[in-house]
Structure formats: structure tokens, C-alpha cells
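Structure (C-alpha cells):
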């Protein structure tokens, strides 16, 4: 359900327009009438809905989008509800609203409907004076421009709490989640429940309150996601770098009233957790029942029949950098995975497509959200002058012992490489220069991301050959 309310003209909204003066004239207009500030769609709604509504089918089954605008103009049940709310039930409606309004009570003669002003276009400054049931119209005055006239009851809005109840009635809603702000005792949800049961004579839907979702950028919580403040990310932005079931999994894993803080910069860690839940679900790893259940229901269709092959998201990102084809050639990807013993069997067609998709998503994540130090490229030739500047006898000795430790490895993976490095006894100052040498040897710069995952995605012979080449140069210089 898309609620088409009055455009508030918040600072972040005003900034979407090239000229602030133009934007300010639309404050109070119904959203569907506000023009697209970028000029590529018919309206504000059409523009900002595209990155959201176009992708809903990926996150849920059988999605049917209904706007409140549709209900006012096309729904017989909504038309019926509106008439009752502004005529025969007007007085008890106002009484219930006033019960929950505190000091700012509505006048007893208030008609809880605001037409769209035909002159200035606002819907938030009009007051209904009378209703003509036969013509389905309201006579109104606009407190903004002073215009008086008649307007169809399909061209306006009920008081928002009354409208909420009208949506329940028009659509026959049985269950509805809602934000915690509506769940306060004596708050909006309670008032709507009373309107439904005591005034309009039907049972309100079963409700479920949920916490808001926070957004993190650069490691900092920048607040709760909100479309009017332009805080957060859209479904389109999520699907550029991740699959819908991973986001569904994160929501399912968290209790409704626990605040979730999400960040597109942290997608690799979300995938690690999702992959762990998958292994727990198929019984190859121990874990809590919540992981299994969250994984099971993360899919809009059935989950896989058996544990599929997965390459870690971060490793997929690395492959998109270290392979000659940048991960575009799936045969190259598979060959490297087999060389590094991460893949020991043939893959099904579904697994191949899944692998291709994860490589592409991780590559896009690297481009859009990865920290700068993640963006590396293998150098064809080590920068020997820079390497010599950080290498003394202690560092050279560490390189020599690292080569020996790596040669002895039976398995070539991140864990074994880290263990080989941990065996090297080194002082802090020498350790820093030792890692500078490693980064320079492979990436041509003195720092970067944790190096073990990158080395694990390279051929063992390639890594040893590069280190021997560097060592030979240092010993000969």
C-alpha cells in the first residue's frame, strides 16, 4: 500500500529541485501532483517509486501495489466509507479523534476531510464546510489562498487516522505490521482500533509493531531510514550488490522490536552470515535454530534441495580483481577455484549461475561501496626500488622463512596462509615493514586489505614464484 499524502517540503526534499523557489510552491500538494524534480517522469511519485516499486516482486510473492489515490477514485468500499465518515458517523468519529488528541481538540462540527484546493493545489490547508451526498462533493475553504468552492470527495483526503481505518475497510485487511511510533499506548494505532470497532463496526486487523531500521555510512549510524529525508538505500541499490534473500534473511533474523542498522558497505559480512546459516540449515555446521528458520524463510520460493557450492562474497570480489578476465570469464573463475582447492567437484547449472551472479555482485560492490584500500591490482613487475627501501636483513629473513612455511602447506587457503604467517616471530617495527614488502610485491603499494585472503585466491606456485623473485633481488642487491 502506497500512502499518497501531502508533500511536506522537508529540506532534503526541497534540495531535489534545481530552484528552491519552485519547490516551495508545491508544499502541501498531494504527492501525486508534485512534478518530478529531475524532469524524467510525470511526477514525484513516479520518479521515486521506480527504484522501489519496480523491485518489490523480487522481495515478496504476489505483490499488488495499491495507492490511497486508487482507493479514493476507484474503490466502491472506500467511497462508501468516506461518505459515512463525513455524514452519519461524523460526530462519533470526531469524538474518538478528540479522545486521543490531548489539548488541541477538533471542533464538534469538524468534517474530517480535506479536499484538494482547485486554486492553489494544497490539500493540507483546506477545511470542509458541508457535504452534498448526492453529488459526492464537499464545499470547502482554503486557509492558504482563501479560495472557496466545491470539490469531489475523490479529490482529497480523510483525516489520516480515519483514512487508515478506511484502508482496512476498503481492502479487508486482516494483518498489518506498523512502526513503533504507532504502537505507543494511547497512540494512533489504539485510536484507529477504537474507530474501527466502536464507530465503523468491524474488527481491526491483527497488528505487529516493529522497530525502525537504521542506516550506517562510513561506520557511523546516520539515523533511521526514511524516504522523505533521503536516508537509506532503495531495493534497486541493494540488488546492484546483493540478492533479495540476503536482506530478507537479515530482517527475519532480528526480532521485530530490535533496531536493525544496515549498511551497503557491510554486504560481505551479511553474505558470510547468510552462508553460515545455509551450512547450519543443511546440517554441516552447528548453529542456533534461529539461523535455520531465518534461512528457510528468506526465500520467496523453496530453498535449495542440497547444500550448494558457495564462494565467499569477499573472495568473489578478490577474483574480480586478480583474474585476467576480472571474473567475466566463468571458466577462469572455476579453474582458479580448483587450483586453490576451494572447488573439488563439478557444478550444477544452478550453481554455475549462482557463482556467476555472486562474482558480478561482488564486482559491483567493489566499484560502489568498498573501502579504497580494497581496490587493488596485481602488478606485472614488483617495484624493486620501493621494496629495497623497506627491507633490511630482518625483513629479508622473514621473507625467506615465509617462503619455507608456504612451501610446506598441504592446503592452500586463507586459514593455512594466516597460520604460516603467524609462525613467523617478528618485532612490531619489522612486522610493519614486512607487510609493506608483501603489499609492494603483489600490488605495488605499501598497504591494502588483509593480504591472506588475496594470496589464497592466487595460484600457490604464482605466489611462491613472486616471493622467490623478490628475495633473489634483495639478496643480490
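Residue numbers (the working numbering): 613 to 1089. Just so it is clear, CB atoms sit at the ideal spot from N, CA and C, and this is done for glycine as well.
Would you kindly work out how many angstroms separate the C-alpha atoms of residue i and residue j, rounded to a whole number?
i: residue 787; j: residue 777; result: 13 Å
i: residue 856; j: residue 749; result: 45 Å
i: residue 811; j: residue 775; result: 14 Å
i: residue 1134; j: residue 1017; result: The structure shown does not extend to residue 1134, since the chain spans only 613 to 1089, so no value can be given for it.
i: residue 986; j: residue 833; result: 22 Å
i: residue 1081; j: residue 1060; result: 21 Å
i: residue 739; j: residue 754; result: 6 Å
i: residue 1044; j: residue 838; result: 43 Å
i: residue 965; j: residue 1069; result: 20 Å
i: residue 742; j: residue 678; result: 29 Å
i: residue 703; j: residue 859; result: 46 Å
i: residue 1001; j: residue 1063; result: 20 Å
i: residue 895; j: residue 885; result: 15 Å
i: residue 639; j: residue 621; result: 5 Å
i: residue 954; j: residue 1025; result: 8 Å
i: residue 994; j: residue 1050; result: 10 Å
Taking all protein chains shown into account, do 16 or more other C-beta atoms lie within 10 angstroms of the C-beta of residue i, making it buried, or fewer, making it exposed?
i: residue 975; result: buried
i: residue 717; result: exposed
i: residue 861; result: buried
i: residue 734; result: buried
i: residue 1087; result: exposed
i: residue 1047; result: buried
i: residue 736; result: buried
i: residue 769; result: buried
i: residue 918; result: exposed
i: residue 796; result: exposed
i: residue 956; result: exposed
i: residue 1090; result: For residue 1090 there is no data in the structure shown, the boundaries of the chain being 613 and 1089.
i: residue 1034; result: exposed
Cβ atoms of residue j and residue i: under 9 Å apart, would you say?
i: residue 970; j: residue 925; result: yes
i: residue 680; j: residue 613; result: yes
i: residue 693; j: residue 782; result: yes
i: residue 934; j: residue 967; result: no
i: residue 756; j: residue 729; result: yes
i: residue 806; j: residue 711; result: yes
i: residue 1111; j: residue 1083; result: Because the chain is modelled from 613 through 1089, residue 1111 falls outside the range shown and cannot be assessed.
i: residue 801; j: residue 819; result: yes
Quick check on residue i: does DSSP put it in helix, strand or coil?
i: residue 893; result: helix
i: residue 991; result: coil
i: residue 850; result: helix
i: residue 1065; result: helix
i: residue 672; result: coil
i: residue 920; result: coil
i: residue 824; result: coil
i: residue 1092; result: In the structure as shown, the chain starts at 613 and stops at 1089, and residue 1092 therefore has no counterpart that could be examined.
i: residue 763; result: strand
i: residue 832; result: strand
i: residue 685; result: helix
i: residue 618; result: strand
i: residue 1118; result: There is simply no residue 1118 to check, as the chain begins at 613 and stops at 1089 in what is shown.
i: residue 752; result: strand
i: residue 769; result: strand
i: residue 712; result: coil
i: residue 744; result: strand
i: residue 812; result: coil
i: residue 796; result: coil
i: residue 901; result: helix
i: residue 629; result: coil
To the nearest whole angstrom, what separates the beta carbons of residue i and residue j, a pair I think is in contact under 8 Å?
i: residue 848; j: residue 648; result: About 17 Å; that fails the 8 Å criterion.
i: residue 780; j: residue 816; result: 6 Å
i: residue 888; j: residue 897; result: 7 Å
i: residue 752; j: residue 727; result: 5 Å
i: residue 824; j: residue 836; result: 4 Å
i: residue 708; j: residue 803; result: 6 Å
i: residue 868; j: residue 822; result: 4 Å
i: residue 636; j: residue 643; result: So it is not a contact: roughly 16 Å between Cβ atoms.
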